[in-house]
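Presented below is the structure to which this report refers.
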Amino acid sequence: MLGGKMKIEIENTDKVVELNGVPARIWEGKTASGIPVHCFVTRISPQSHEGIEDFERELQETKAPSTGALSYPLRMIL
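All the letters of the sequence shown, read from the start, carry residue numbers 33 to 110 under our numbering.
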């Protein structure tokens, strides 16, 4: 179904790659139905000033990426 909603839960890693000349941090997680995903995030912005200190602190807490996230051919990235 095109145009449907998808929910994902992701965690940031300490790995940054370059996509088309732009740094992108690898985030890992899964969909609501449990399908594993990797996301390449170039920008992120909280939509409220409430809790911005917590957001900034949590953003600095990273983990090492899984081995599957370390070897992506660029042709595989949407």
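Beta carbons are placed, not taken as given, at the ideal position from N, Cα and C, and that holds for glycine.
### Limits of the unbroken alpha helix (DSSP H) element including L91
I84 to Q92
What number of angstroms, rounded off, separates the C-alpha of G66 from the C-alpha of I42?
12 Å
* For I40 versus P97, is the C-beta distance shorter than 7 Å? -> With respect to the 7 Å criterion, I40 and P97 are not classified as neighbours on the basis of their beta carbons.
| task | Give every residue of the same chain whose Cβ lies closer than 8 Å to the Cβ of A101, excluding the five residues on either side of it in the sequence, and list them in chain order. | result | T45, K47, I58, E60 and H70
In angstroms, rounded to a whole number, what distance separates the CA positions of L91 and R75? 12 Å
Tell me the rounded alpha-carbon separation between I84 and K95.
21 Å
Contacts around P55, its chain only, beta-carbon distance under 6 Å, and the 5 residues preceding and following it disregarded
V48
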